[in-house]
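Let me begin by presenting the structure, written as structure tokens, before commenting on it.
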Amino acid sequence: MSTFDGAILDFKRLETLASGDTTLHRLDPRAKVIVTALFIMAVVSHDRYAITRLFPFFIFPAALIAAGNLPLAYIIRKVLLLCPFAIVVGIFNPLIDRTIVLQLGDIGISGGWLSFASIIVRSTLTVGTAFVLLALTGFPAICRALEQLGIPKLFAAQLLFLYRYIFVLTEEAGRASRARELRSCGKKGQGMTSFATMVGHLLLRTWQRAERIHVAMLSRGFDGSFRTSRKSSLGSNECIFIALWGLFLVTARILDLPKLIGTFITGGF
Amino acid sequence: MSHHLVELIELRHTYPDGTVALDGVTFTITHGEAVGVIGANGAGKSTLLLHLNGYLTPGSGEVRIGHSLLTKETLPEIRRTVGMVFQDPDDQLFMPTVFDDVAFGPCNMGLALQDIEKRVTAALDLVEAGHLRDKPPYHLSGGEKKRVAIATILSMEPSILVMDEPTSGLDPHARRQLIRLMGDFHHTKIFTSHDLDMVMELCSRVIVLSHGKVRADGAPREIFADEKLLAECRLEKPLSMQGCPVCGVNS
Numbered sequence: 608m609s610t611f612d613g614a615i616l617d618f619k620r621l622e623t624l625a626s627g628d629t630t631l632h633r634l635d636p637r638a639k640v641i642v643t644a645l646f647i648m649a650v651v652s653h654d655r656y657a658i659t660r661l662f663p664f665f666i667f668p669a670a671l672i673a674a675g676n677l678p679l680a681y682i683i684r685k686v687l688l689l690c691p692f693a694i695v696v697g698i699f700n701p702l703i704d705r706t707i708v709l710q711l712g713d714i715g716i717s718g719g720w721l722s723f724a725s726i727i728v729r730s731t732l733t734v735g736t737a738f739v740l741l742a743l744t745g746f747p748a749i750c751r752a753l754e755q756l757g758i759p760k761l762f763a764a765q766l767l768f769l770y771r772y773i774f775v776l777t778e779e780a781g782r783a784s785r786a787r788e789l790r791s792c793g794k795k796g797q798g799m800t801s802f803a804t805m806v807g808h809l810l811l812r813t814w815q816r817a818e819r820i821h822v823a824m825l826s827r828g829f830d831g832s833f834r835t836s837r838k839s840s841l842g843s844n845e846c847i848f849i850a851l852w853g854l855f856l857v858t859a860r861i862l863d864l865p866k867l868i869g870t871f872i873t874g875g876f
Numbered sequence: 231m232s233h234h235l236v237e238l239i240e241l242r243h244t245y246p247d248g249t250v251a252l253d254g255v256t257f258t259i260t261h262g263e264a265v266g267v268i269g270a271n272g273a274g275k276s277t278l279l280l281h282l283n284g285y286l287t288p289g290s291g292e293v294r295i296g297h298s299l300l301t302k303e304t305l306p307e308i309r310r311t312v313g314m315v316f317q318d319p320d321d322q323l324f325m326p327t328v329f330d331d332v333a334f335g336p337c338n339m340g341l342a343l344q345d346i347e348k349r350v351t352a353a354l355d356l357v358e359a360g361h362l363r364d365k366p367p368y369h370l371s372g373g374e375k376k377r378v379a380i381a382t383i384l385s386m387e388p389s390i391l392v393m394d395e396p397t398s399g400l401d402p403h404a405r406r407q408l409i410r411l412m413g414d415f416h417h418t419k420i421f422t423s424h425d426l427d428m429v430m431e432l433c434s435r436v437i438v439l440s441h442g443k444v445r446a447d448g449a450p451r452e453i454f455a456d457e458k459l460l461a462e463c464r465l466e467k468p469l470s471m472q473g474c475p476v477c478g479v480n481s
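The following block contains the structure:
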């Protein structure tokens with residue numbers, strides 16, 4: 608269980624990072640959300656064999672990490688944590704797609720391996736940037752930005768509740784599982800049977816908690832709509848941020864920058 | 231007309247599974263009274279509290295707050311009048327930051343932005359939690375959570391403060407802090423608690439519930455002196471009224 612608790616603690620660190628005070632932190636969350644969305648679209652819309660064309664996109668998260676004073680090692684650890692998922696998604700590509708598309712000396716590289724590598728690069732880029740966005744903005748602010756950008760209020764509220772209670776729920780799950788572990792004397796503790804009951808209990812408790820939260824909300828005058836007491840504005844900083852990065856992303860998407868740079872250098876000879 | 235009156239008349243409540251939680255409860259609490267509702271586990275205390283702000287609908291009988299009968303029409307007004315602090319602060323603090331949470335009630339009341347800001351600051355200062363305003367609730371300690379939970383209610387400026395087990399789970403210092411804070415609230419207060427010493431200290435009146443009925447209603451000293459009643463209701467004298475464990479002298 609210690610690893611589980613550790614993961615949650617680590618998650619809280621994202622929140623601490625988000626309370627930093629750099630120009631990037633102070634930027635209106637909407638600007639960051641818009642550019643990140645653009646970035647993700649630009650990255651995932653590439654051809655499935657694209658690898659080198661994706662490299663220029665590393666500039667964006669790298670610049671944010673540098674300007675936002677974020678700990679690089681921490682972000683990399685977070686991204687590595689999610690890498691197995693990307694590997695599972697792409698692992699069958701080399702088996703299915705065996706056409707040789709690239710010849711490196713005697714070694715032929717099949718399309719499957721290329722698309723597999725492309726999936727890994729893409730997931731590193733998108734997941735990494737999402738973490739950077741979180742560390743620069745904080746989850747609640749992102750939800751507010753999404754709401755201001757027009758996603759239904761209900762979704763935003765649900766995301767907020769999810770984020771608020773994931774800590775309570777994991778602590779509860781942690782306690783229940785610790786109690787089970789301590790009484791199973793190093794064995795499996797009746798395996799799946801007791802595990803299933805435990806999960807069932809957690810669900811019921813969550814249900815009861817949801818009801819109590821609802822009572823607490825009603826007794827403070829909740830009538831179905833969330834009101835916010837914060838003001839935010841899209842100023843010139845935000846416009847410059849969106850315009851410059853937007854320009855970069857569009858250019859990198861349309862033009863093959865590595866190839867252009869390559870021909871530019873080799874063309875000289 | 232006083233906003234601070236709480237009147238229950240022959241209140242009955244039966245849960246869907248057939249458990250009779252309240253069986254004809256009648257009492258009137260007047261302005262400025264501090265009332266402790268005590269009783270064993272399952273005596274009906276929490277059910278009683280949930281009737282006071284209209285979350286549960288009476289099976290029969292009436293709930294009147296400040297002379298108006300609790301109905302669907304009067305519900306919003308009554309919820310504004312009765313501020314309720316729940317036992318588990320994690321249920322009460324559901325917004326991303328302390329500020330948002332304390333502002334939740336005033337926002338729903340439709341106040342202007344500056345007024346909200348003022349009320350939040352005042353409420354947080356009152357519970358000595360001004361420095362926590364930008365923190366997310368899961369970063370707070372138990373005592374801090376409890377104080378912020380109280381601030382979320384105080385910011386709505388209720389005329390009646392209702393608290394379910396206010397001192398449960400607090401360390402002695404946090405408990406003392408809370409008792410002091412409650413003492414400073416001069417409107418009507420209603421608590422349920424197993425912390426009988428707190429009840430003794432804060433309340434001018436005690437209502438004893440047992441099996442959904444009011445067993446006794448009177449001054450704390452009289453009720454806690456009645457050993458037969460206490461034993462029947464699975465209660466005990468507050469520690470402050472028990473003999474000294476060292477010399478055995480009765481206080």
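In order, the protein sequences belong to chains A and V.
All residue numbers for the first sequence refer to the working numbering, where the first residue is 608 and numbers rise by one.
All residue numbers for the second sequence refer to the working numbering, where the first residue is 231 and numbers rise by one.
Even glycine gets a Cβ: it sits at the ideal position worked out from N, Cα and C.
No experiment lies behind these values; they were computed from the predicted model shown.
TODO: Indicate the three-state DSSP secondary structure (helix, strand or coil) for Thr-706 of chain A in the structure shown.
DONE: Numbered from 1 along the first sequence, position 99 holds the residue referred to as residue 706 of chain A. If DSSP states are grouped into helix, strand and coil, Thr-706 of chain A belongs with coil.
Open item on the list: Rounded to whole angstroms, what is the Cα-Cα separation between Leu-702 of chain A and Val-734 of chain A?
Closed with: Residue 702 of chain A sits at position 95 when you count from the first residue of the first sequence. Residue 734 of chain A sits at position 127 when you count from the first residue of the first sequence. Cα to Cα, the separation comes out at about 26 angstroms.
- [ ] Could you tell me which residues DSSP puts in a beta bridge with Ala-264 of chain V?
- [x] Numbered from 1 along the second sequence, position 34 holds the residue referred to as residue 264 of chain V. For Ala-264 of chain V, which the question treats as bridged, DSSP gives the partners V:Lys-419.
TODO: Give a yes or no on whether the minimum CB-CB distance between Gly-372 of chain V and chain A is below 8 angstroms.
DONE: The residue you call residue 372 of chain V lines up with position 142 of the second sequence. False, the Cβ-Cβ gap to chain A never drops below 8 angstroms.
Task: Beta carbon proximity, Ala-737 of chain A to chain V, threshold 8 angstroms - done: On the first sequence, position 130 is the one that residue 737 of chain A refers to. No - not a single Cβ of chain V is within 8 angstroms of the one on Ala-737 of chain A.
Open item on the list: Just to confirm my understanding: we take Arg-377 of chain V, look at its own chain, exclude 5 residues before and 5 after, and list those with CB closer than 6 angstroms. What are they?
Closed with: Within the second sequence, the letter at position 147 stands for residue 377 of chain V. Closer than 6 angstroms at Cβ, skipping near neighbours: Val-357 and Ala-359.
Open item on the list: Let me see if you follow: with CB-CB separation under 8 angstroms, is Met-231 of chain V close to chain A or not?
Closed with: As a first step, residue 231 of chain V must be located in the second sequence, where it is residue number 1. A caution first: Met-231 of chain V carries a pLDDT of 48, below 50, which makes its placement in the model unreliable, though a value can still be read off. Cβ-Cβ to chain A under 8 angstroms: no for Met-231 of chain V.
- [ ] List the residues of chain V that Gly-781 of chain A touches, going by C-beta distances under 8 angstroms, in chain order.
- [x] In the first sequence, counting from the first residue as 1, residue 781 of chain A sits at position 174. Within 8 angstroms Cβ-Cβ: nothing; Gly-781 of chain A doesn't reach chain V, min ~13 angstroms.
Task: Closest by C-alpha distance to Gly-781 of chain A, when choosing among A:Phe-762, A:Gln-765, A:Val-806 and A:Phe-768 - done: Indexing the first sequence from 1 puts residue 781 of chain A at position 174. Looking at A:Phe-762, A:Gln-765, A:Val-806 and A:Phe-768, the one whose alpha-carbon comes closest to that of Gly-781 of chain A is A:Val-806.
Task: Neighbouring residues, chain A, relative to Asp-355 of chain V (Cβ below 9 angstroms) - done: Within the second sequence, residue 355 of chain V is the residue found at index 125, counting from 1. Chain-ordered listing is empty here: chain A has no CB closer than 9 angstroms to the CB of Asp-355 of chain V, the nearest sitting near 17 angstroms.
- [ ] Compute the Euclidean distance between the alpha carbons of Arg-405 of chain V and Glu-845 of chain A, then round it to the nearest angstrom.
- [x] Counting from one through the second sequence, the residue named residue 405 of chain V turns up at place 175. Counting from one through the first sequence, the residue named residue 845 of chain A turns up at place 238. Computed Cα separation, rounded: 47 angstroms.
Open item on the list: Going by DSSP in three states, His-234 of chain V sits in which element: helix, strand or coil?
Closed with: By one-based count along the second sequence, residue 234 of chain V stands at place 4. In the structure shown, His-234 of chain V sits in coil (DSSP, three-state: anything other than H, G, I, E or B).
- [ ] Using 10 angstroms around the beta-carbon of Thr-336 of chain V, count the other beta-carbons present and answer buried if the total reaches 16, otherwise exposed.
- [x] Working through the second sequence from its first residue, we reach residue 336 of chain V at position 106. The question names Thr, but residue 336 of chain V in the sequence shown is Pro. Counting Cβ neighbours within 10 Å, Pro-336 of chain V comes out buried, since at least 16 surround it.
Open item on the list: Strictly by DSSP, which residues pair up with Ile-716 of chain A?
Closed with: What you label residue 716 of chain A is simply residue 109 of the first sequence in a count that begins at 1. Looking at the DSSP assignment, Ile-716 of chain A forms a beta bridge with A:Leu-709.
- [ ] Please confirm if Met-608 of chain A has its CB atom under 8 angstroms from at least one CB of chain V.
- [x] Indexing the first sequence from 1 puts residue 608 of chain A at position 1. Caution is warranted here: a pLDDT of 42 is assigned to Met-608 of chain A, below 50, making its placement in the model unreliable, and the coordinate value is therefore given only provisionally. No, its Cβ sits nowhere closer than 8 angstroms to a Cβ of chain V.
Task: Partners in chain A for Pro-203 of chain V, counting only beta-carbon separations shorter than 7 angstroms - done: For chain V, the structure presents residues 231 to 481; residue 203 of chain V sits outside this window and is missing.
Task: Proximal chain A residues relative to Thr-327 of chain V, where beta-carbon distance stays under 9 angstroms - done: By 1-based counting over the second sequence, the position of residue 327 of chain V is 97. Under the 9 angstroms cutoff, chain A gives Pro-747.
Task: Whole-Å CB distance - Val-267 of chain V paired with Ile-437 of chain V, under 8 angstroms assumed - done: Position 37 of the second sequence, counted from the first residue, corresponds to residue 267 of chain V. Position 207 of the second sequence, counted from the first residue, corresponds to residue 437 of chain V. That belief holds up - the Cβ atoms of Val-267 of chain V and Ile-437 of chain V are roughly 5 angstroms apart, short of 8 angstroms.
- [ ] Report yes if the CB atom of Pro-326 of chain V is closer than 8 angstroms to the CB atom of Pro-388 of chain V, and no otherwise.
- [x] Within the second sequence, residue 326 of chain V is the residue found at index 96, counting from 1. Within the second sequence, residue 388 of chain V is the residue found at index 158, counting from 1. In this structure, Pro-388 of chain V does not lie closer than 8 angstroms to Pro-326 of chain V by Cβ.
Open item on the list: Would Gly-828 of chain A and Asn-338 of chain V be called neighbours here (beta carbons separated by less than 8 angstroms)?
Closed with: Position 221 of the first sequence, counted from the start, is the residue given in the question as residue 828 of chain A. Position 108 of the second sequence, counted from the start, is the residue given in the question as residue 338 of chain V. In contact: Gly-828 of chain A and Asn-338 of chain V (Cβ atoms closer than 8 angstroms).
- [ ] Express the C-alpha separation of Phe-723 of chain A and Asp-320 of chain V in angstroms, rounding to a whole number.
- [x] Here residue 320 of chain V is taken as the residue at index 90 of the second sequence, counted from 1. Here residue 723 of chain A is taken as the residue at index 116 of the first sequence, counted from 1. Asp-320 of chain V and Phe-723 of chain A: Cα-Cα distance of roughly 44 angstroms.
Task: Residue-level contact to chain V via CB, Ile-820 of chain A, 8 angstroms cutoff - done: Along the first sequence, read from residue 1 onward, the residue named residue 820 of chain A stands at position 213. With 8 angstroms as the cut-off, Ile-820 of chain A counts as an interface residue toward chain V.
Open item on the list: Within 8 angstroms of any Cβ in chain V, is that where the Cβ of Thr-827 of chain A sits?
Closed with: In the first sequence, residue 827 of chain A corresponds to position 220, counting from 1. A small correction: the amino acid at residue 827 of chain A is Arg; Thr does not occupy that position in the sequence shown. So yes, Arg-827 of chain A belongs to the interface.
- [ ] Determine the direct distance from the alpha carbon of Thr-418 of chain V to that of Ala-461 of chain V, and round the result to whole angstroms.
- [x] Within the second sequence, residue 461 of chain V is the residue found at index 231, counting from 1. Within the second sequence, residue 418 of chain V is the residue found at index 188, counting from 1. Looking at the two C-alpha atoms, the distance is approximately 29 angstroms.
Open item on the list: Using a Cβ-Cβ cutoff of less than 8 angstroms, which residues in the same chain neighbour Val-204 of chain V once the five nearest sequence positions on both sides are dropped?
Closed with: The requested residue 204 of chain V does not occur in the structure, where chain V is confined to residues 231 to 481.
Open item on the list: By the three-class DSSP mapping on this structure, what secondary structure does His-424 of chain V have?
Closed with: As a first step, residue 424 of chain V must be located in the second sequence, where it is residue number 194. Coil at His-424 of chain V, not helix or strand.
Task: C-beta atoms of Ile-409 of chain V and Glu-431 of chain V nearer than 8 angstroms - done: Counting from one through the second sequence, the residue named residue 409 of chain V turns up at place 179. Counting from one through the second sequence, the residue named residue 431 of chain V turns up at place 201. Yes.
Open item on the list: Buried or exposed for Ser-609 of chain A, going by 16 or more other Cβ atoms inside 10 Å?
Closed with: If you number the first sequence from 1, residue 609 of chain A lands on position 2. Low confidence applies here, because Ser-609 of chain A scores a pLDDT of 49, under 50, leaving its location unreliable and the question unanswered by this model.
Task: Cross-chain neighbours of Asp-321 of chain V in chain A, by beta carbon under 7 angstroms - done: Translated into the one-based positions of the second sequence, residue 321 of chain V becomes position 91. Those within 7 angstroms of Asp-321 of chain V in chain A are Arg-816, Arg-819, Ile-820 and Ala-823.
Open item on the list: Pop quiz: Gly-274 of chain V and Gly-448 of chain V are said to be a contact at Cβ under 8 angstroms. What is the actual Cβ separation, rounded to whole angstroms?
Closed with: Taking the second sequence and counting its residues from 1, one reaches residue 274 of chain V at position 44. Taking the second sequence and counting its residues from 1, one reaches residue 448 of chain V at position 218. About 19 angstroms; that fails the 8 angstroms criterion.
- [ ] Tell me, to the nearest whole angstrom, how far the beta carbon of Ala-379 of chain V is from that of Gln-322 of chain V; I am working on the premise that it is less than 8 angstroms.
- [x] Counting from one through the second sequence, the residue named residue 379 of chain V turns up at place 149. Counting from one through the second sequence, the residue named residue 322 of chain V turns up at place 92. Going by Cβ atoms, the distance from Ala-379 of chain V to Gln-322 of chain V rounds to 4 angstroms, so yes, they are a contact pair.
- [ ] Kindly give me the distance between the Cβ atoms of Phe-738 of chain A and Val-686 of chain A, rounded to whole angstroms, as I take these residues to be in contact under 8 angstroms.
- [x] As a working note, residue 738 of chain A is residue 131 in the first sequence. As a working note, residue 686 of chain A is residue 79 in the first sequence. A Cβ-Cβ distance of about 7 angstroms is found for the pair Phe-738 of chain A and Val-686 of chain A, placing them in contact under the 8 angstroms criterion.
- [ ] Could you confirm whether any beta carbon from chain A is found closer than 8 angstroms to the beta carbon of Phe-421 of chain V?
- [x] If you number the second sequence from 1, residue 421 of chain V lands on position 191. No, its Cβ sits nowhere closer than 8 angstroms to a Cβ of chain A.
Task: Residues sharing a beta bridge with Lys-443 of chain V, DSSP - done: Along the second sequence, read from residue 1 onward, the residue named residue 443 of chain V stands at position 213. DSSP lists V:Ser-440 as partners of Lys-443 of chain V.
Open item on the list: Checking the sheet assignment: what are the DSSP bridge partners for Asp-394 of chain V?
Closed with: For this step, residue 394 of chain V is matched to residue 164 along the second sequence. DSSP output for Asp-394 of chain V lists V:Thr-422 as bridge partner(s).
- [ ] Identify the continuous alpha helix (DSSP H) that holds Phe-334 of chain V and give its terminal residues.
- [x] Stepping through the second sequence from its first residue, residue 334 of chain V is reached at position 104. First-last of the alpha helix (DSSP H) with Phe-334 of chain V: 328-338.
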